[in-house]
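Below: the structure, in structure tokens.
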Amino acid sequence: MRIGLVLLLGTFLLLSACDRELSITEVQPEKIGQQVLESIQPASSENVQMLFNPKRGRYIVVHAFGLVTMSVEDQGTVVGVFIQDHTDDENEILKRYVFKLDYDRDYDSIQLYRNNLEIPFDNSSSY
Numbered sequence: 009m010r011i012g013l014v015l016l017l018g019t020f021l022l023l024s025a026c027d028r029e030l031s032i033t034e035v036q037p038e039k040i041g042q043q044v045l046e047s048i049q050p051a052s053s054e055n056v057q058m059l060f061n062p063k064r065g066r067y068i069v070v071h072a073f074g075l076v077t078m079s080v081e082d083q084g085t086v087v088g089v090f091i092q093d094h095t096d097d098e099n100e101i102l103k104r105y106v107f108k109l110d111y112d113r114d115y116d117s118i119q120l121y122r123n124n125l126e127i128p129f130d131n132s133s134s135y
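Numbering-wise, the sequence shown is residues 9 to 135 according to this note's numbering.
If you want it as structure tokens, here you go:
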């Protein structure tokens, strides 16, 4: 009985750990390194930028006139990154959102979607 319970708990913990391999979280400017901040391209319109450093990770910068949220999905060999604009919060001020993308395994590519439409990154650079 105990062995079965231990195996069940171990399986649950293993599956829970797998879900954490791929994540995206919003990062506040004061918690971002200076190199990342200096690499962000200025924007006068809505756009999306990818910043990459093999040792420090990937950041996705979104410039938008309203609130945005992001989610990620493992699509096999591709990471699906989904931006959702919340149009009820739009105004005339362009806002900058910075998200950190983390994953623990190799993917062939990153595919970007905005409001469920496939789009390219406007800019990609290393820092």
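The C-beta atom is built at its ideal place from N, Cα and C for all residues, glycine as well.
In the DSSP assignment, the residues bridged to TYR121 are PHE90, GLU126.
Buried is the label assigned to ILE32, since at least 16 other Cβ atoms lie within 10 Å of its Cβ. Taking ASP130 as reference, the option from ASN123, ARG113, ASP116, ILE68 with the minimal CA-CA separation is ILE68. Restricting attention to GLY74, PHE107, SER134, the CA atom closest to the CA of GLN36 is found in PHE107. Counting other Cβ atoms within 10 Å of its Cβ, SER52 stays below 16 and is therefore classed as exposed. Rounded to whole angstroms, the Cβ separation of MET58 and ARG66 is 7 Å, and the two are in contact under 8 Å.
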